[in-house]
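>
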Amino acid sequence: MATESQSQQKGQLKAFVQTAPQAGRYVWVIALVDFGNQQIRRTIVSDDTFTTSDAARVAGDAELKAMAADH
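No gaps in the numbering here: position 19 of the sequence shown is 18 in numbering that gives the first Met the number 0, and each next residue is one more.
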């Protein structure tokens with residue numbers, strides 16, 4: 000089950016961090032959603048896996064913050 004975490008919003012675009020189970024572990028998923036056009040623009044899934052959903056969420060939040068700082 001995916002869980003939503005931190006999000007970043009810019010106009011009609013919003014990025015969500017979620018976690019998802021994968022092979023007995025967890026990955027983070029960042030989804031960029033364009034609400035104006037009602038479409039998912041991009042999704043990114045971590046290459047690394049984590050033992051808990053919380054660990055994946057924390058890593059995903061950090062990745063989203065780093066991406067926002069780079070932009």
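Even glycine gets a Cβ: it sits at the ideal position worked out from N, Cα and C.
Might you give, ordered along the chain, the residues of its own chain that have their beta carbon closer than 7 Å to the beta carbon of M0, omitting 5 neighbours on each side?
Interpretation of M0 is limited by its pLDDT of 46, a score under 50 that renders its predicted location unreliable; the figure taken from the coordinates is listed afterwards. So no residue of the chain qualifies.
> Would you mind giving the Cβ-Cβ distance between F15 and A30, rounded to the nearest angstrom? I have them listed as a contact below 8 Å.
5 Å between Cβ atoms; contact.
> Should G35 be labelled buried (16 or more other beta-carbon atoms within 10 Å of its own) or exposed?
The residue in question, G35, is exposed, as its Cβ has fewer than 16 Cβ neighbours within 10 Å.
> So, for T2: in the same chain, excluding its five sequence neighbours on each side, which residues have a beta-carbon less than 8 Å away from its beta-carbon?
Interpretation of T2 is limited by its pLDDT of 49, a score under 50 that renders its predicted location unreliable; no figure is taken from the coordinates.
> Three-state secondary structure (DSSP) at A14?
In this structure, A14 counts as strand in the three-state DSSP scheme.
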